[in-house]
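Single-structure report; data block below.
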Amino acid sequence: MKMTFLGGAGEVGRSGVLIETNGKRFLMDYGIKVEEYGPAELPLVPHGP
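First residue of the sequence shown: 5, per this note's numbering; consecutive thereafter.
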């Protein structure tokens, strides 16, 4: 098993862990980077009827 830590060092948000085992990869707990001036604008996804 190999674990690779992606981002998140010394910052809030944007952290993740890549786990590789038996030829498979799993990406765990990957967030978004929190901007200094508020959250990033994200597209509005309309709900169904």
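Glycine included, every Cβ here is placed at the ideal spot set by N, Cα and C.
Given the structure is predicted, the values throughout are model-derived calculations rather than measurements.
(1) For leucine 48, which residues of its own chain have a beta-carbon under 6 Å away from its beta-carbon, when the five flanking residues on both sides are left out?
(2) How close, in whole Å, do the beta carbons of methionine 7 and valine 21 come, if the pair is a contact with beta carbons under 8 Å?
(3) Which whole-angstrom value describes the C-beta separation of glycine 11 and arginine 18, a residue pair presumed to lie in contact below a C-beta threshold of 8 Å?
(4) Going straight from the alpha carbon of aspartate 33 to that of threonine 25, what length do you get?
Once the coordinates are examined:
(1) The residue given as residue 48 occupies position 44 in the sequence shown. When the five nearest sequence neighbours on each side are left out, no beta carbon in the same chain lies closer than 6 Å to the beta carbon of leucine 48.
(2) Position 3 of the sequence shown, counting from 1, holds the residue named residue 7. Position 17 of the sequence shown, counting from 1, holds the residue named residue 21. About 6 Å separates the two Cβ atoms, so the contact holds.
(3) By one-based count along the sequence shown, residue 11 stands at place 7. By one-based count along the sequence shown, residue 18 stands at place 14. Confirmed, Cβ separation roughly 4 Å.
(4) Locating residue 33 in the sequence shown gives position 29, where the first residue counts as 1. Locating residue 25 in the sequence shown gives position 21, where the first residue counts as 1. Whole-angstrom Cα-Cα distance: 17 Å.
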